[in-house]
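Chains as they are written, first to last, in the working numbering: chain Y, 9 to 458; chain B, 2 to 512. See below for the structure under consideration.
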Amino acid sequence: MRYLPKSPAERAVMLERIGVRTADELFHVIPEEYRLKRDLKIPRQMGESEIIEYFRNAAAQNGSGYASFLGAGCYRHYRPVVIDSIVQRGEFLTSYTPYQAEITQGTLQAIFEFQTMICELTGMDVANASMYDGSTGASEAVLMAARITGRSHSVVAATVHPEYREVMATASQHRGLPSTTVGYDAETGRVNLDLLQAAITDDTACVLVQSPNFFGVVEDIPAIAAIAHAKGALLIVSIAEAVSLGVVRPPVEADIVSLEAQSFGVAMSYGGPFCGVIATKEKFIRQMPGRLAGQTQDADGNRGFVLTLATREQHIRREKATSNICTNQALVALMATVFLTVYGKDGLREVAVQNLAKAEFARTTLTAQSGAEALFGASPRFNEFVLVTEEPVAVMQARLLEQKILGGVDLSRWYPELGHATLWCATELNTRAQMEAAATTLAAREAVEA
Amino acid sequence: MASDTMIPVETTTPRNTTLGKVRTHPTQNEGLIFEKSSPGKRAVRLAPLDVPEVDAEALLGDAFRVDAAPLPEVSEIEIIRHFTRLSTWNYAIDLGMYPLGSCTMKYNPRVNEFVARLEGIAEAHPYQPESLAQGSLEVVRELEQCLIEITGMDAITLQPAAGAHGEFTGILLVRAYHESRGNARRKVIVPDSAHGTNPATAAICGYEVQNLKSNSLGMVDVAELERIVDEDTAALMLTNPSTIGVFESEIHKIAEVLHAKGALLYMDGANMNALVGKARPGDFGVDVMHLNLHKTFSTPHGGGGPGSGPVACKAILEPFLPTPVLARRSDGMLGWNHDRPQSVGRVRAFYGNYGMFVRALAYILANGPDGLRQTTEDAVLNANYIRSSLEDLYELPYTTASMHEVVFSDRRQAARGVKTGDIAKRIIDYGFHPFTVSFPMIVSGALMIEPTESESKEELDLFIDAMRAIAHEAEKTPELVKNAPHSTRVSRLDEATAARKPILRWRPTAG
Chain Y
9 MRYLPKSPAE RAVMLERIGV RTADELFHVI PEEYRLKRDL KIPRQMGESE IIEYFRNAAA
69 QNGSGYASFL GAGCYRHYRP VVIDSIVQRG EFLTSYTPYQ AEITQGTLQA IFEFQTMICE
129 LTGMDVANAS MYDGSTGASE AVLMAARITG RSHSVVAATV HPEYREVMAT ASQHRGLPST
189 TVGYDAETGR VNLDLLQAAI TDDTACVLVQ SPNFFGVVED IPAIAAIAHA KGALLIVSIA
249 EAVSLGVVRP PVEADIVSLE AQSFGVAMSY GGPFCGVIAT KEKFIRQMPG RLAGQTQDAD
309 GNRGFVLTLA TREQHIRREK ATSNICTNQA LVALMATVFL TVYGKDGLRE VAVQNLAKAE
369 FARTTLTAQS GAEALFGASP RFNEFVLVTE EPVAVMQARL LEQKILGGVD LSRWYPELGH
429 ATLWCATELN TRAQMEAAAT TLAAREAVEA
Chain B
2 MASDTMIPVE TTTPRNTTLG KVRTHPTQNE GLIFEKSSPG KRAVRLAPLD VPEVDAEALL
62 GDAFRVDAAP LPEVSEIEII RHFTRLSTWN YAIDLGMYPL GSCTMKYNPR VNEFVARLEG
122 IAEAHPYQPE SLAQGSLEVV RELEQCLIEI TGMDAITLQP AAGAHGEFTG ILLVRAYHES
182 RGNARRKVIV PDSAHGTNPA TAAICGYEVQ NLKSNSLGMV DVAELERIVD EDTAALMLTN
242 PSTIGVFESE IHKIAEVLHA KGALLYMDGA NMNALVGKAR PGDFGVDVMH LNLHKTFSTP
302 HGGGGPGSGP VACKAILEPF LPTPVLARRS DGMLGWNHDR PQSVGRVRAF YGNYGMFVRA
362 LAYILANGPD GLRQTTEDAV LNANYIRSSL EDLYELPYTT ASMHEVVFSD RRQAARGVKT
422 GDIAKRIIDY GFHPFTVSFP MIVSGALMIE PTESESKEEL DLFIDAMRAI AHEAEKTPEL
482 VKNAPHSTRV SRLDEATAAR KPILRWRPTA G
């Protein structure tokens with residue numbers, strides 16, 4: 009019980025002050041039949057060394073030393089060491105939502121800097137202090153669009169991350185918010201603009217696309233915006249791979265941007281915690297969910313920061329709130345802020361261009377093998393591409409695993425129409441040697457068959 | 002014994018004097034990071050490209066970003082100093098008691114952070130083959146089993162990203178259950194003492210919110226509940242212990258009233274730190290509940306998140322849990338089962354805030370059954386110690402026995418014009434984070450104090466001394482309290498202007 013700072017004698021003094029004999033007496037307000045009179049059946053108390061050993065064993069069971077080409081909404085980028093140095097400072101780690109501004113200026117200013125950087129990256133006017141993640145952020149963005157327009161219908165591209173779409177379906181199912189999914193052009197891998205046009209009705213609140221989309225293809229945002237806006241619908245752009253913003257044109261025509269900032273220095277950690285964020289135009293601020301830090305002054309004229317526009321939130325509005333969200337991902341947003349500060353203006357551009365180059369080389373090298381071709385080759389892409397192989401995915405993956413290579417994500421669960429398709433990702437951390445080894449393994453199929 | 006005489010109550014600005022636990026010291030000034038930026042400075046050097054260079058503009062065409070985002074250009078030492086300076090402007094658990102009621106600001110063990118950063122844990126990809134993720138999945142399995150045992154429930158999902166997200170998931174389960182029986186029902190009952198997230202959650206799940214007034218003890222009025230529960234009631238959302246820190250001693254009757262009409266009992270587990278190892282919601286009639294791993298299970302609050310809000314439920318609700326659910330296959334391997342036809346659907350991409358699962362499990366393992374029970378007892382002991390030491394100076398609106406937190410009213414101090422918010426600001430000068438202010442709403446001018454188990458007797462005594470000194474100040478020098486804090490970097494900030502003319506981002510000044 010090394011976390012408990014009291015000796016038995018101190019407890020006795022405190023009990024005496026309260027006027028009870030034992031701490032257990034304080035629980036007598038709980039009806040006797042509901043008091044637990046046995047030990048919980050959980051593992052016994054462990055020493056710190058045992059705890060570390062337990063998790064080291066778990067880590068070892070995960071397998072290590074694999075070259076990974078996995079992306080699909082969770083990206084492996086280099087995380088500068090200073091990120092963890094900073095976020096592990098107890099003043100950031102063990103503080104809470106900055107309700108008391110006078111003693112949380114550190115967190116508040118960091119959030120203000122985060123909001124500013126997100127605006128600069130996305131081309132939007134304002135950004136919130138963060139959302140749970142990209143999937144829930146996209147879902148909140150759709151609800152926000154419905155509030156702004158007074159309309160209920162949404163049109164969602166089939167190339168939005170399939171798990172994001174599942175989350176949106178769950179979130180809107182009881183709110184009378186129907187949704188139409190629009191397919192992609194088989195040649196370009198981009199949202200089919202004719203189908204999009206046809207799907208928008210007078211009741212359509214928003215069009216939601218992802219760019220780069222789930223296939224890694226950059227969407228034609230100006231064209232999509234024109235179609236949506238012509239019918240009075242808002243455009244929401246979801247961005248799952250944030251590093252793309254270093255080299256891909258920001259979606260300035262969008263009304264709302266929902267970003268997943270995991271790529272900015274956040275560990276993959278088997279899928280979370282990540283960091284969503286919603287950015288929008290100034291005129292929509294009051295319909296935006298989530299916390300906001302704003303600049304103001306104290307009584308002596310010093311610059312300071314506060315949480316602001318709280319009248320949108322649940323603790324004030326209760327059942328009329330814009331959202332039920334209470335926490336955000338402040339510490340993860342701080343990771344992203346530090347990451348963006350470390351990389352800076354030129355560094356983010358450079359790392360983004362490296363991603364382009366790596367993915368281009370991986371694509372060229374893998375498709376140089378017979379029996380493997382890349383889809384959507386003529387469309388602009390960032391660091392992912394779809395590979396279609398003659399060989400069934402499971403067979404190919406098994407051969408790659410033998411070489412300690414994690415090939416692309418199997419797309420058949422979501423896009424069976426693509427056949428033996430896998431989604432590959434190459435970041436600045438993938439080496440040329442890994443790509444060549446993957447290509448060699450793919451090619452070895454012929455040797456086996458021949 | 003706390004003494005009233007050791008505090009110099011006349012002190013306005015405690016510069017160079019010791020006021021209870023603090024003395025002022027200089028903090029560094031620091032501008033915004035953008036104001037330190039200068040072209041050409043940098044903090045990163047990439048490894049050289051080992052593949053042919055590409056022409057980004059040619060590859061991307063119209064999608065090429067012409068102007069790089071104007072991110073700050075600074076060096077590494079400036080970054081370290083910038084964020085370190087900012088950090089020193091924060092109060093934190095690591096500095097002292099943080100009795101923010103309902104938030105359970107307990108110690109965040111450092112071994113949790115260490116194990117969450119082990120390479121094989123932190124670098125696991127959510128789509129890596131299950132055969133290469135057995136370690137990650139075993140952690141999920143172990144935590145699930147521990148939480149099921151702690152809550153006395155039958156099944157669990159760890160997918161929700163935070164408490165409010167867990168509430169949403171829990172009410173979705175309630176709705177799916179009723180729908181499966183042919184009628185979703187129309188309303189959810191929420192006591193007036195509830196967190197604002199409860200009614201907001203019920204509303205987004207398509208339910209009408211019916212308010213339930215508390216009785217004179219601040220508890221659920223069972224007779225009134227019996228009167229309003231009917232076949233249209235889907236559930237009652239109950240926080241237990243309640244937001245005034247009181248155990249609903251008629252909980253079994255509450256559950257019976259609901260169950261008799263086919264309604265379910267949802268428990269907001271925000272205050273689970275009062276119960277772990279001492280009582281199990283599953284044993285007293287709760288059908289579904291959420292936990293806050295960042296409250297009860299010591300994962301860090303991080304300035305506002307990340308949280309994690311697992312939802313535990315009885316077997317009747319298990320078929321509706323979000324997809325995927327963890328299952329052990331016939332070959333003994335763990336894997337995700339997506340084939341769940343009655344599921345409410347997915348509530349978050351991937352599997353939830355996994356990094357928080359690791360930390361929560363590390364906390365449970367460090368405590369074991371005896372440690373968790375002692376933790377709960379100490380949390381309740383601390384709250385009652387504060388109550389006993391302050392109830393002569395601060396009014397107790399409800400004299401019902403307190404559990405993990407104690408709620409006072411500012412009624413006596415308000416007579417001198419000193420409100421709960423003023424007392425909160427003044428206690429900052431004494432070196433503490435304030436308690437929760439003006440909540441729950443059933444108490445006029447509430448001071449909601451939750452010390453948690455992490456405070457020593459010495460720290461509690463300093464807090465008690467400070468609160469007693471402020472009570473005297475409110476009598477003798479009320480202006481001193483009303484204008485507090487006096488020792489912080491910034492004085493009270495102009496929130497009205499911040500909301501009226503929002504400045505939500507930095508912009509470069511012209512020229």
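Even glycine gets a Cβ: it sits at the ideal position worked out from N, Cα and C.
- As a beta-bridge residue in DSSP terms, T288 (chain Y) pairs with Y:V134 and Y:I264.
- Within the stretch 157-182 of chain Y, contact with chain B at the beta-carbon level (separation under 8 Å) is assigned to H169, E171, Y172, E174, V175, A177, T178, A179, Q181 and H182.
- The shortest C-alpha to C-alpha distance from V394 (chain Y) to any of Y:M22, Y:F222, Y:L267 and Y:F272 is the one to Y:F222.
- Per DSSP, H260 (chain B) lies in no beta strand (DSSP E); the unbroken alpha helix (DSSP H) holding it starts and ends at I252 to A261.
- Cβ contact annotation for Q362 (chain Y) (same chain, cutoff 7 Å, sequence separation greater than five): E436, in chain order.
- Each residue's CA atom was taken as its position, placing L48 (chain Y) and Y395 (chain B) some 37 Å apart.
- Separation of the CB atoms of D269 (chain B) and N199 (chain B) is rounded to 6 Å, and the pair is thereby assigned contact status at 8 Å.
- Along the stretch 301-347 of chain Y, the alpha helix (DSSP H) occurs as fully enclosed runs of 4 or more residues at 322-325, listed in sequence order.
- Here Q411 (chain Y) carries a coil assignment [DSSP, helix/strand/coil].
- Shown here, S194 (chain B) sits in coil according to DSSP, grouped into three states, outside any helix or strand.
- Within the stretch 335-359 of chain Y, T335, N336, Q337, A338, L339, V340, A341, L342, T345, V346, L348, T349, V350, Y351, G352, K353, D354, G355, L356, R357, E358 and V359 place their CB atoms closer than 9 Å to a CB of chain B, listed in sequence order.
- Within the stretch 98-113 of chain Y, contact with chain B at the beta-carbon level (separation under 9 Å) is assigned to G98, E99, F100, L101, T102, S103, Y104, T105, P106, Y107, Q108, A109, E110, I111, T112 and Q113.
- Counting along the chain, D340 (chain B) sits inside no alpha helix (DSSP H), nor does DSSP assign it H or E at all.
- For K188 (chain B), the three-state secondary structure derived from DSSP is strand.
- Within the same chain, and ignoring the five residues on either side of M343 (chain Y) in sequence, the residues whose Cβ sits closer than 6 Å to its Cβ are I91, V95, G273 and V274.
- S187 (chain Y) carries a strand assignment under DSSP once its states are collapsed to helix, strand and coil.
- Per DSSP, reduced to three states, the secondary structure at I157 (chain B) is strand.
- A contact between stretches requires three or more CB pairs, one per stretch, nearer than 8 Å, and the stretch 362-379 of chain B meets this requirement with the stretch 110-117 of chain B.
- The alpha carbon of A497 (chain B) has as its nearest neighbour, out of Y:G302, Y:A380 and Y:I59, the alpha carbon of Y:G302.
- Proximity of chain B to V417 (chain Y) at the Cβ level (cut-off 7 Å) is accounted for by Y128, in chain order.
- As summarised for the stretch 211-287 of chain Y, the continuous beta strand (DSSP E) elements at least 3 residues long and confined to that stretch are 212-218, 242-247 and 264-268, given in chain order.
- Bridge partners of W432 (chain Y) according to DSSP: Y:F393.
- Judged by DSSP in its simplified three-state form, C314 (chain B) adopts strand.
- Around the beta-carbon of S387 (chain Y), 16 or more other beta-carbon atoms lie within 10 Å, marking it buried.
- Contacts between R25 (chain Y) and chain B, judged by CB atoms closer than 7 Å, involve Y386, S389 and S390 in chain order.
- Under the DSSP definition of a beta bridge, D354 (chain Y) lacks any partner.
- Between V285 (chain Y) and chain B, the shortest Cβ-Cβ separation is not below 8 Å.
- Out of Y:Y423, Y:M9, Y:S15 and Y:E381, the CA that lies nearest to the CA of L450 (chain Y) is found in Y:E381.
- In the displayed model, I504 (chain B) falls within coil according to three-state DSSP, outside both helix and strand.
- Within the stretch 84-110 of chain B, the residues whose Cβ lies closer than 9 Å to some Cβ of chain Y are F84, T85, R86, L87, S88, T89, W90, N91, Y92, A93, I94, D95, L96, Y99, L101, C104, M106, K107, Y108, N109 and P110, listed in chain order.
- The beta carbon of E327 (chain Y) sits closer than 8 Å to some beta carbon of chain B.
- For V67 (chain B), the three-state secondary structure derived from DSSP is coil.
- With fewer than 16 other beta carbons inside 10 angstroms of its own, R294 (chain Y) counts as exposed.
- Look at F321 (chain B) here: in three-state DSSP terms it is helix.
- Here N332 (chain Y) is not near A470 (chain B), since their CB atoms are 8 Å or more apart.
- According to the DSSP assignment, H83 (chain B) belongs to no beta strand (DSSP E) but to the alpha helix (DSSP H) extending over E77 to S88.
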